[in-house]
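Residue numbers (the working numbering): 10 to 131. Every residue gets a Cβ at the ideal spot worked out from N, C-alpha and C, and that includes glycine. Working notes, structure below.
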Amino acid sequence: MKYGGIIVLTVLLFACSNGDDEMLEKLEKFVEPCVKESNANPAAVEKLIKNSEFSDDNTIKCFLKCVYTKAGVMSEDGKFNADELKKTLEDDQSPDLVNKCKDLKGSDNCDTAFLVAKCMEE
Numbered sequence: 010m011k012y013g014g015i016i017v018l019t020v021l022l023f024a025c026s027n028g029d030d031e032m033l034e035k036l037e038k039f040v041e042p043c044v045k046e047s048n049a050n051p052a053a054v055e056k057l058i059k060n061s062e063f064s065d066d067n068t069i070k071c072f073l074k075c076v077y078t079k080a081g082v083m084s085e086d087g088k089f090n091a092d093e094l095k096k097t098l099e100d101d102q103s104p105d106l107v108n109k110c111k112d113l114k115g116s117d118n119c120d121t122a123f124l125v126a127k128c129m130e131e
């Protein structure tokens with residue numbers, strides 16, 4: 010994960026040491042609006058991004074959904090785009106991980122985003 014002066018998105022979600030720079034830039038611009046939209050606690054978001062600490066809080070789940078949706082990784086109906094999700098992989102992650110995680114379903118779209126993010130991080 011990268012954390013270079015700006016909060017960058019996690020996991021999967023996110024910033025990869027050799028990841029797609031275009032995807033990284035795309036994700037960075039969604040952090041602040043998604044914190045506001047989801048009413049997520051900025052400290053919890055920072056822990057998620059910097060330390061991959063997944064809080065089982067609905068606002069964090071909805072923050073992840075917001076970022077995934079705005080980035081085109083997740084559709085409004087909660088389905089993941091495997092090709093876009095693969096762009097979020099880190100160096101040591103296999104593309105097979107996307108196939109393992111992309112079809113997970115939660116109780117709602119926020120929960121689905123959370124489950125996929127946790128799966129991708131494991």
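{"query": "With three or more C-beta pairs closer than 8 Å as the rule, is the region 60–77 touching the region 100–114?", "result": "no"}
{"query": "Below 8 Å between beta carbons: does that hold for Phe89 and Val125?", "result": "yes"}
{"query": "Measure from the alpha carbon of Ala80 to the alpha carbon of each residue in Pro42, Lys114, Glu55, Lys56, then state which is nearest.", "result": "Pro42"}
{"query": "What is the DSSP secondary structure of Phe89, counted as helix, strand or coil?", "result": "strand"}
{"query": "Whole angstroms is fine: what's the gap from Ala52's alpha carbon to Asn108's?", "result": "31 Å"}
{"query": "May I have the straight-line CA-CA distance separating Met129 from Cys110, to the nearest angstrom?", "result": "6 Å"}
{"query": "Taking its Cβ as the centre, do 16 or more other Cβ atoms sit within 10 Å of Lys114, making it buried, or is it exposed?", "result": "exposed"}
{"query": "Count the other C-beta atoms from every protein chain shown that fall within 10 angstroms of the C-beta of Asn60, then say buried if there are 16 or more, exposed otherwise.", "result": "exposed"}
{"query": "Does the distance from the C-beta atom of Cys75 to that of Glu46 stay below 8 Å?", "result": "yes"}
{"query": "According to DSSP, is Cys25 helix, strand or coil?", "result": "Only weak support exists for where Cys25 lies, its pLDDT of 41 falling under 50; the value from the coordinates is given anyway. In this structure, Cys25 counts as coil in the three-state DSSP scheme."}
{"query": "Would Asp120 be called buried (16 or more neighbouring beta carbons within 10 Å of its own) or exposed?", "result": "buried"}
{"query": "May I ask you to check if the CB of Met129 is nearer than 7 Å to at least one heavy atom of the ligand HEM?", "result": "This structure does not include the ligand HEM; it has no bound ligands of any sort."}
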